[in-house]
């Protein structure tokens, strides 16, 4: 009996080395197939969150318009300081209309954006001002850090100042070579106060805010600005809250010019589905990175008289 049992135990089947390797290979293949799907699902969730961020900004801008009869200035200068100092951007002006009144009240609206009191608010996180897929979350300019050295946060959503392929008289800037000029055919710019009825090309055809999730490349001298920085009253310096439409969509700025090109930094998002834009009617639509510059320039102007062009 014992000998028979021993014989049966000896004959019990087991995995061979080849079979074990096959199982491991199958598991590896399944993991390799699943990982891209998981990553794609995560990016889809981030893309949706990015769209929701722009919806929050749309809510703030339209609520501001309903209350004041005009859109907020894209960026403003200051009344009691030299004319070349930046005030606040529209990101600050709409805080009260998106349930961020506590943050709004921390700002000194009459001081420059980098006054000690205002720099202290720079590190504050307003979640819907940052794209969840973006790499750069903080300003790369040490002069815009908080007084204690804490890094100020940036924003990945900038207002549309307008197309910048136009002649000098259509710009605000007295020294366009300083930073690329500031176009004024858009809807959010230096000290602008437009009504929605001023958008003659139609609110469904005009850009209001877009993604700017670019990274530095080449020899670019400057990086992201702090999220609450506006424009100065002369238009000499870089506008922290708004951008011209002067280049195609891109996520890497490798062009030269350094600070002289800051206002012309490209709009662009790193989502596979394209760059998210908020249009003046409150809709959020992605625009493919391969869209022609001519189409972008047409979408950037509020009163250019262009026929509707679908990006």
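In this note's numbering, the protein residues as written are 725 to 1035. Beta carbons are placed, not taken as given, at the ideal position from N, Cα and C, and that holds for glycine.
Boundaries of the alpha helix (DSSP H) around residue 814: 814 to 817.
Scanning its chain for C-beta atoms nearer than 6 Å, with the 5 sequence neighbours on each side dropped, one finds around residue 871 the residues 840, 843, in chain order. Between the alpha carbons of residue 992 and residue 966 lies a distance of about 13 Å. Shown here, residue 969 sits in a strand according to DSSP, grouped into three states. Proximity to residue 1019 across 996, 874, 971 peaks at 971, based on C-alpha coordinates.
Annotated as proximal: residue 915 and residue 800, with beta-carbon spacing under 9 Å. When rounded, the separation of the alpha-carbon atoms in residue 926 and residue 810 is 31 Å.
Of 746, 775, 754, the smallest CA-CA separation from residue 994 is found for 775.
Assignment of residue 790 by DSSP, reduced to helix, strand and coil, places it in the helix class. Taking a contact to require three or more Cβ pairs closer than 8 Å, the segment 776 to 791 and the segment 1004 to 1013 qualify as touching.
Between residue 1003 and residue 936, the C-beta spacing is not below 9 Å. Under the three-state reduction of DSSP, residue 955 is assigned to strand. Its chain contains 875, 876, 877, 878, 948 as the residues whose beta carbon lies nearer than 8 Å to that of residue 862, once the 5 sequence neighbours on both sides are disregarded; these appear in chain order. The criterion of a C-beta distance shorter than 9 Å is not satisfied by residue 1001 and residue 911. With contacts defined by Cβ atoms closer than 9 Å, residue 1027 and residue 888 do not form a contacting pair. Residue 882 carries a strand assignment under DSSP once its states are collapsed to helix, strand and coil. Exposure of residue 823 is indicated by the presence of fewer than 16 other C-beta atoms within 10 angstroms of its C-beta.
Bridge partners of residue 933 according to DSSP: 883, 1002.
In the DSSP assignment, residue 843 falls within the unbroken alpha helix (DSSP H) covering 840 to 843. Under the three-state reduction of DSSP output, residue 811 falls in the strand class. Using a C-beta cut-off of 8 Å, the segment 781 to 801 makes contact with the segment 819 to 838, since at least three inter-stretch Cβ pairs fall below that distance.
Bounds of any alpha helix (DSSP H) do not take in residue 925, whose DSSP letter is neither H nor E.
When secondary structure is reduced to three states using DSSP, residue 862 falls in the strand class.
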